[in-house]
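Chemist: Have a look at this one.
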Amino acid sequence: MDRLTGRIASTIAATALALIAAGSASADQPNSFTVVSGLPAEHVAARIFREHFRAAVEQQMAEAGEGVAIRLRPAYDSTVAKHGDVLEAIADGVGDIGIIAVDFETRRLPLQNISYHLPFTTTRCTVAAGAYHALHTQLAEMNRPWRQAGQIYLANITTDGYGMFTAPTVKQIEELRGLTLAVGVRIEPWLSGVAADPVRLPLGQLDGAFEDERVDGAILPLTEFAELDPEWRPNQYLMTEFGPLTSYAVSINERRFADMPAAMRSALLAAADAFVPVAAQAYCDAGSSALAELKKDGLRAQRFFRSRREEWVVALPPLGQLWADAREAEGYAGKEILSAYMDHVRAAGERPKRNWDSELAPTN
């Protein structure tokens with residue numbers, strides 16, 4: 012079974028097939044696509060998409076012998092839609108391809124934020140990205156929110172791993188007591204069971220928060236921490252092994268996909284498969300490069316002792332089960348999706364610190 016046939020077997024492509032049957036465009040359809048994102052053009056995720064996605068598509072087209080090039084017209088920096096509006100912009104056809112910040116679309120994409128509820132699962136960006144991608148390519152249920160939004164999921168962009176940056180040195184769980192830690196996305200439950208206080212702050216407000224000493228630290232990926240003002244950012248980095256997040260998904264307008272020539276659809280899907288691990292590795296590499304530069308600037312990095320990390324893990328409520336139960340209450344197969352994600356992670360050779368699809372204690 013070729014890649015296009017395999018994806019058409021899924022629910023999202025079945026919807027596209029129905030649209031094709033209703034009347035697809037001819038092979039001379041323009042090959043220009045507007046890519047909409049609320050991200051700044053120089054954001055790591057936007058840069059990775061720009062550098063690797065077009066190349067992946069063109070390679071697939073060359074291998075197919077079609078010789079068709081595509082043009083991706085960027086509409087970043089919220090020029091068309093800001094975070095929280097990109098999904099709607101793609102649904103309305105204002106743009107063709109969207110780089111969706113899933114944390115800003117949780118109401119319409121309730122299944123796509125699964126990684127936000129599974130800390131300490133894997134530290135490998137490619138594993139997290141692969142598990143998330145497999146959910147979409149293998150489970151029709153995972154694509155239902157995309158169908159309802161008039162789009163087809165193509166790929167994801169998974170960040171480098173999250174860690175904790177603080178002004179005071181933190182080596183033990185008890186030393187978190189009374190600290191105020193900034194988080195830029197919905198990961199406050201990661202602090203459940205420890206005595207720190209989370210506060211939601213956009214990245215753009217962190218410099219001022221550190222300058223005014225309104226926060227004692229932040230939980231961020233290295234790539235985002237490196238964007239802060241060196242004068243105010245803290246200099247202690249605790250490698251907690253929270254893991255990476257699948258923060259961005261790439262989608263395409265459903266009708267635009269249906270109108271593409273078959274060879275281009277096939278190439279696009281194959282390119283998306285190839286892009287996912289490349290994007291994840293590129294993000295992890297960006298994190299490693301950021302750490303090296305930050306150390307030169309005085310950042311003190313230390314690993315969390317295993318016993319103290321496991322103390323944190325044990326203190327957490329069953330976050331995965333809570334996520335799955337909430338999705339079940341909304342009518343989705345939350346438990347099946349959670350189990351599939353964890354199975355993919357374990358099949359990749361990982362040993363999660365917590366089996367979130369069960370009530371088991373930490374595994375190592």
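Residue numbers (the numbering used here): 12 to 375. A virtual CB, placed ideally from N, CA and C, is assigned to each residue, including glycine.
#1: Would you call the segment 306 to 326 and the segment 87 to 99 touching, i.e. three or more CB-CB distances under 8 Å?
#2: In angstroms, rounded to a whole number, what distance separates the CA positions of A260 and Q247?
#3: Are there 16 or more other CB atoms within 10 angstroms of the CB of A337, so buried, or fewer, so exposed?
#4: Please go through the same chain and pick out, in chain order, the residues whose beta-carbon is closer than 6 Å to the beta-carbon of A36, but skip the five residues on each side of it.
#5: Tell me the DSSP secondary structure of S318 in three-state form.
#6: Report the partner residues of S48 according to the DSSP bridge assignment.
#7: Between R158 and T257, what straight-line distance do the alpha-carbon atoms span, to the nearest angstrom?
#8: If you check the beta carbons only, do L122 and Y294 fall under 8 Å apart?
#9: Locate the alpha helix (DSSP H) running through E99, then write down its first and last residues.
#10: Excluding the 5 residues flanking A80 on each side, which residues of the same chain have their C-beta closer than 8 Å to its C-beta?
#11: Among residues of its own chain, excluding the 5 on either side of G204, which ones have a beta-carbon nearer than 6 Å to its beta-carbon?
#12: So, using beta-carbon positions, are T137 and G172 closer together than 8 Å?
#13: Is the Cβ-Cβ distance between W201 and P245 less than 8 Å?
#14: With a threshold of 16 other CB atoms inside 10 Å of the CB of Q313, please say whether the residue is buried or exposed.
#15: For S258, which three-state DSSP category applies?
#16: Excluding the 5 residues preceding and the 5 following E116 in the sequence, name in chain order all residues of the same chain whose CB lies nearer than 6 Å to its CB.
#17: Can you tell me the Cα-Cα spacing of A267 and D107, whole angstroms?
#18: Helix or strand or just coil, what does DSSP make of T251?
#19: Going by Cα to Cα distance, which pick from A303, G228 and R58 is closest to P179?
#20: Is DSSP giving I198 helix, strand or coil here?
#21: Would you decide whether K306 is buried or exposed? Buried here means 16 or more other CB atoms lie within 10 Å of its CB.
#22: What whole-angstrom Cβ distance do P408 and D96 have, given they're in contact under 8 Å?
#23: Any idea if K364 is buried or exposed, counting beta-carbon neighbours within 10 angstroms, 16 or more meaning buried?
#24: For Q292, which of F44, I59, G109 and V47 has the nearest alpha-carbon?
#25: If you count every other CB in all the chains shown that lies within 10 Å of the CB of Q162, and 16 or more means buried, which is it?
#26: If V47 and G109 are in contact, beta carbons under 8 Å, what's the gap, nearest whole angstrom?
#27: Less than 8 Å between the beta carbons of A160 and R119, yes or no?
#28: In angstroms with no decimal places, state the Cα-to-Cα distance between E185 and F316.
#29: Alpha carbon to alpha carbon, what distance is there between H147 and A220?
#30: Nearest-angstrom Cα distance between S300 and E62?
#31: Would you kindly work out how many angstroms separate the C-alpha atoms of V194 and G174, rounded to a whole number?
#32: Quick check: what's the CA-CA separation for L190 versus L233?
#33: Roughly how many angstroms separate the alpha carbons of R319 and M250, rounded to a whole number?
#34: Once the 5 residues before and after F44 are set aside, which same chain residues still bring their CB inside 6 Å of it?
#35: Taking 6 Å as the limit between beta carbons, can you name the residues of its chain near V289, skipping five residues before and five after?
#36: Given a cut-off of 8 Å on the beta-carbon distance, is the pair A297 and G141 in contact?
Modeler: Quick answer:
#1: By the C-beta criterion, the segment 306 to 326 is judged not to be in contact with the segment 87 to 99, since fewer than 3 inter-stretch pairs fall below 8 Å.
#2: Stepping through the sequence shown from its first residue, residue 260 is reached at position 249. Stepping through the sequence shown from its first residue, residue 247 is reached at position 236. Approximately 31 Å between the Cα atoms of the pair.
#3: For this step, residue 337 is matched to residue 326 along the sequence shown. A337 is exposed by the Cβ-count criterion.
#4: To locate residue 36, count along the sequence shown from 1; it is residue 25. Since pLDDT at A36 reaches only 30, below the 50 mark, its modelled position is unreliable, and the value read off the structure follows with that caveat. Listed in chain order, the non-local C-beta contacts of A36 below 6 Å within the same chain comprise D270, local neighbours out to five positions each way being set aside.
#5: Here the question's residue 318 lines up with position 307 in the sequence shown. In this structure, S318 counts as helix in the three-state DSSP scheme.
#6: As a position in the sequence shown, residue 48 is number 37, starting the count at 1. BP columns for S48 are empty, so no partner.
#7: The sequence position of residue 158 within the sequence shown is 147, counting from 1. The sequence position of residue 257 within the sequence shown is 246, counting from 1. Take the alpha-carbon of R158 and the one of T257: they are about 20 Å apart.
#8: What you label residue 122 is simply residue 111 of the sequence shown in a count that begins at 1. What you label residue 294 is simply residue 283 of the sequence shown in a count that begins at 1. Against a cut-off of 8 Å, the Cβ pair of Y294 and L122 comes out as no contact.
#9: Position 88 of the sequence shown, counting from 1, holds the residue named residue 99. In the DSSP annotation of this structure, the continuous segment of the alpha helix (DSSP H) that includes E99 starts and ends at V97 to A102.
#10: Within the sequence shown, the letter at position 69 stands for residue 80. So the qualifying residues of the chain are N42, E69 and M72.
#11: Within the sequence shown, numbered from 1, the residue matching residue 204 stands at position 193. Answer for G204: A326 and L327, listed in chain order.
#12: Reading the sequence shown from its first residue, position 126 is the one you call residue 137. Reading the sequence shown from its first residue, position 161 is the one you call residue 172. Not a contact, by the Cβ cut-off of 8 Å.
#13: Sequence index remark: in the sequence shown, residue 201 carries index 190 (1-based). Sequence index remark: in the sequence shown, residue 245 carries index 234 (1-based). Contact flag unset, no.
#14: Counting from one through the sequence shown, the residue named residue 313 turns up at place 302. Exposed is the call here.
#15: Counted from its first residue, the sequence shown places residue 258 at position 247. Three-state result, S258: strand.
#16: The count along the sequence shown starts at 1 and reaches residue 116 at position 105. Taken in chain order, the residues that qualify are L98.
#17: Along the sequence shown, one-based indexing puts residue 267 at 256. Along the sequence shown, one-based indexing puts residue 107 at 96. The sequence given here has Arg at residue 267, not Ala. The straight-line gap from Cα to Cα measures roughly 7 Å.
#18: Your numbering for residue 251 matches position 240 in the sequence shown. DSSP places T251 in strand when its eight states are reduced to three.
#19: Your numbering for residue 179 matches position 168 in the sequence shown. For P179, the nearest C-alpha among the options comes from G228.
#20: The residue given as residue 198 occupies position 187 in the sequence shown. In this structure, I198 counts as coil in the three-state DSSP scheme.
#21: Residue numbering aside, residue 306 sits at position 295 when the sequence shown is read from its first letter. Result: exposed.
#22: Nothing about residue 408 can be read from this structure; the chain reaches only from 12 to 375.
#23: Position 353 of the sequence shown, counting from 1, holds the residue named residue 364. K364 is buried by the Cβ-count criterion.
#24: Locating residue 292 in the sequence shown gives position 281, counting from the first residue. Residue I59 is the option with its Cα nearest to Q292.
#25: Counting from one through the sequence shown, the residue named residue 162 turns up at place 151. Burial is judged here by how many other beta carbons sit within 10 angstroms of a residue's own beta carbon; Q162 has at least 16 and is buried.
#26: Locating residue 47 in the sequence shown gives position 36, counting from the first residue. Locating residue 109 in the sequence shown gives position 98, counting from the first residue. Their Cβ separation, rounded to whole angstroms, is 5 Å, which keeps V47 and G109 in contact under 8 Å.
#27: Numbered from its first residue, the sequence shown carries residue 160 at position 149. Numbered from its first residue, the sequence shown carries residue 119 at position 108. The answer is yes: Cβ separation under 8 Å.
#28: Locating residue 185 in the sequence shown gives position 174, counting from the first residue. Locating residue 316 in the sequence shown gives position 305, counting from the first residue. The straight-line gap from Cα to Cα measures roughly 13 Å.
#29: Start at 1 with the first residue of the sequence shown, and residue 220 comes out as number 209. Start at 1 with the first residue of the sequence shown, and residue 147 comes out as number 136. Going from the Cα of A220 to the Cα of H147 covers about 38 Å.
#30: On the sequence shown, residue 300 is found 289 positions in, with the first residue counted as 1. On the sequence shown, residue 62 is found 51 positions in, with the first residue counted as 1. Whole-angstrom Cα-Cα distance: 17 Å.
#31: Taking the first residue of the sequence shown as 1, we reach residue 194 at position 183. Taking the first residue of the sequence shown as 1, we reach residue 174 at position 163. When only Cα atoms are considered, V194 and G174 end up about 11 Å apart.
#32: As a working mapping, residue 190 is identified with position 179 in the sequence shown. As a working mapping, residue 233 is identified with position 222 in the sequence shown. Across the structure, L190 and L233 are spaced so that their CA atoms are roughly 20 Å apart.
#33: Working through the sequence shown from its first residue, we reach residue 319 at position 308. Working through the sequence shown from its first residue, we reach residue 250 at position 239. Each residue's alpha carbon lies about 12 Å from the other.
#34: Taking the sequence shown and counting its residues from 1, the one referred to as residue 44 is at position 33. Excluding residues within five positions, the ones whose Cβ falls inside 6 Å are L83, D107 and I108.
#35: Within the sequence shown, residue 289 is the residue found at index 278, counting from 1. The residues are H63.
#36: By one-based count along the sequence shown, residue 297 stands at place 286. By one-based count along the sequence shown, residue 141 stands at place 130. Their beta carbons are not under 8 Å apart, which means A297 does not touch G141 by this criterion.
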